[in-house]
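Visitor: Encoded as structure tokens, here's the structure I'll be asking about.
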Amino acid sequence: MSDTLLQSLRERLMDESEPLSGLLRKCLMLGAETGSDSLRDWARRELNGYGDEDEVPRYRRLHSPPISADSQSGPTWVQGQILDRLQIPPKAREYVSETIPMKQPIEELEQLAGQKKLSFSSPGLAAAMSIWNRELGPFQSVSSLSYVMSGSHVAGILGQVRTNLVEIVADLTSGTPLTELPGKDKVDAAVDQRVGQVGDVYNTTIHEAKGAIAVGTKASATFEGLTVEDVLALLDKLQEMTGDLEPDHREELMQAVGDLRSAVEKDVPDTGDVVKKAGKLRALASKLGVPALTAAAGGIAEAVASLALSGAFG
């Protein structure tokens, strides 16, 4: 079977009516036959959906989908007002991501692609609505925020999955007869080039400041049950991790850490200012391209956001 598996996959890819789920299952088999964990992991995640600890590929991320808002101002009710992310007040906007990961299994995405209109919410939108309502005057409120889009947005994701499959198979058949099985290294290289490295993701939940922040080439960090004092301790640990940075980058990051610390340590911290400075620290760490720093700064920013919502900063 292994001698004809690649040929069968190539022939079925030429038929646009072939369901993606069937093609991906063949990729599972091809990955098993060649010993390629990269191909098997990618196909498995596409079929079963991406978990909370998985890095979602770029092609599965929707950029700034429209937001539908229901609101009241005095006796006037407005339903389904369409907003861009940038129309949300700055303090609330901190909780609204610029990209939305679509983690569903491929067969579920195929069903969504056939719908004319999709609507869904997220924890970030719920947090943004809470912050926004705090800023509104009497007899004004926002009662609902949700993302809205057409099924064509999801169809675009499916198209990119199919294109990635075609490119992977094209890479595998280049210089290799269809009756022969490509080597593991060649398969891994094709997957890594077309969809990025699969796996090698490390997530560390921060329970207390003395624990590890995050490790790994694609590390990320979250928080659980932290206090303001814990956040300050985490900032100390983040400073310790900057020793290997270039002087200019280290100085810039240390300045951002100092700004956040000053905002948190005020007698009466300004919630919006604290959240803004935490977001700036996370953005700066991401630009430096050091996974552990990015993860640590992300965990701190998440902790600050949670503490802000709980009223820890007044």
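Using UniProt numbering, the first residue of the sequence shown is number 1, and each one after it goes up by one. All C-beta atoms, glycine included, are put in the ideal place defined by N, C-alpha and C. No experiment lies behind these values; they were computed from the predicted model shown.
Should E94 be labelled buried (16 or more other beta-carbon atoms within 10 Å of its own) or exposed?
Guide: Under this definition E94 is a buried residue.
Visitor: Under DSSP, the beta strand (DSSP E) around G80 begins and ends at which residues?
Guide: Here the beta strand (DSSP E) through G80 covers T76 to L83.
Visitor: Looking at C-alpha atoms only, which residue of D248, I88 and E53 is the closest neighbour of S130?
Guide: Closest option to S130, Cα to Cα, is I88.
Visitor: Distance, Cα to Cα, V96 vs L6?
Guide: Cα to Cα, the separation comes out at about 43 angstroms.
Visitor: Flag this pair as yes or no: are the beta carbons of I157 and R25 separated by less than 7 angstroms?
Guide: Contact: no.
Visitor: In whole angstroms, what separates the C-alpha of E167 from that of S68?
Guide: Taking the straight line joining both Cα atoms gives about 37 angstroms.
Visitor: Using the Cα positions of G151 and V78, report the straight-line distance between them to the nearest angstrom.
Guide: Those two C-alpha atoms are separated by around 25 angstroms.
Visitor: So, using beta-carbon positions, are L23 and L172 closer together than 7 angstroms?
Guide: No, the Cβ-Cβ distance between L23 and L172 is not below 7 angstroms.
Visitor: Of the choices A113, A43 and V304, whose alpha-carbon is the least far from that of V231?
Guide: Checking every option, the nearest Cα to that of V231 belongs to V304.
Visitor: Work out the CA separation of K276 and M241 for me, nearest whole Å.
Guide: If you take the alpha carbons of M241 and K276, they lie about 22 angstroms apart.
Visitor: Could you pull out every residue in the same chain whose Cβ sits closer than 6 angstroms to the Cβ of V148, ignoring the five residues on either side in sequence?
Guide: Excluding positions up to five away in sequence, the list reads P66, S68 and S119.
Visitor: Take G183 and list the residues in its own chain whose beta-carbon comes closer than 8 angstroms to its own, dropping the five residues that flank it on each side.
Guide: Excluding residues within five positions, the ones whose Cβ falls inside 8 angstroms are T34.
Visitor: Using a Cβ-based criterion (distance less than 6 angstroms to any ligand heavy atom), does K116 qualify as near the ligand FMN?
Guide: As far as ligands go, the structure on display features none, and thus does not contain the ligand FMN.
Visitor: Just the Cα atoms here: how many angstroms apart are V154 and P57?
Guide: C-alpha separation (whole angstroms): 14 angstroms.
Visitor: So who's on the other strand from S147, going by DSSP bridges?
Guide: The identity of residue 147 in the sequence shown is Tyr, whereas the question assumes Ser. According to DSSP, Y147 bridges with I67 and F120.
Visitor: Give the DSSP-derived three-state secondary structure of E208 in the structure shown.
Guide: In this prediction, E208 has a pLDDT of 41, which is less than 50 and means its spatial position is unreliable; what the coordinates show is noted afterwards. Looking at E208 - three-state DSSP - the assignment turns out to be coil, as it is neither helix nor strand.
Visitor: Inspect the CB distances between the region 103–113 and the region 40–53 and report whether three or more fall short of 8 angstroms.
Guide: The answer is yes - the region 40–53 touches the region 103–113, with three or more Cβ pairs under 8 angstroms.
Visitor: Considering only DSSP beta bridges, list what V142 is partnered with.
Guide: DSSP lists S71 as partners of V142.
Visitor: Which partner residues of T99 appear in the DSSP bridge assignment?
Guide: Its beta-bridge partners are H63.
Visitor: Apply the 10 Å Cβ neighbour rule to A283 and answer buried if 16 or more other Cβ atoms are within range, or exposed otherwise.
Guide: A283 comes out exposed.
Visitor: Specify, as a first and last residue, the run of the alpha helix (DSSP H) that I88 falls within.
Guide: I88 -> no alpha helix (DSSP H), and no H or E assigned at all.
Visitor: Look at V257 and L235 and say whether their C-beta atoms are less than 7 angstroms apart.
Guide: Yes, Cβ-Cβ distance for V257 and L235 is below 7 angstroms.
Visitor: Assuming L260 and L281 make a contact with CB atoms under 8 angstroms, what is their CB distance in whole Å?
Guide: Confirmed, about 5 angstroms.
Visitor: If you draw a straight line from the C-alpha of E98 to the C-alpha of A278, how long is it?
Guide: Near 17 angstroms, if we compare the C-alpha coordinates of A278 and E98.
Visitor: If you compare alpha carbons, which of V161, D185 and Q72 is closest to P138?
Guide: Among V161, D185 and Q72, the Cα nearest to that of P138 belongs to Q72.
Visitor: Use the C-beta contact count for K91: other C-beta atoms within 10 angstroms, 16 or more gives buried, fewer gives exposed.
Guide: Counting Cβ neighbours within 10 Å, K91 comes out buried, since at least 16 surround it.
Visitor: If I follow the unbroken alpha helix (DSSP H) through T4, where does it start and stop?
Guide: Unbroken alpha helix (DSSP H) run through T4: S2 to L13.
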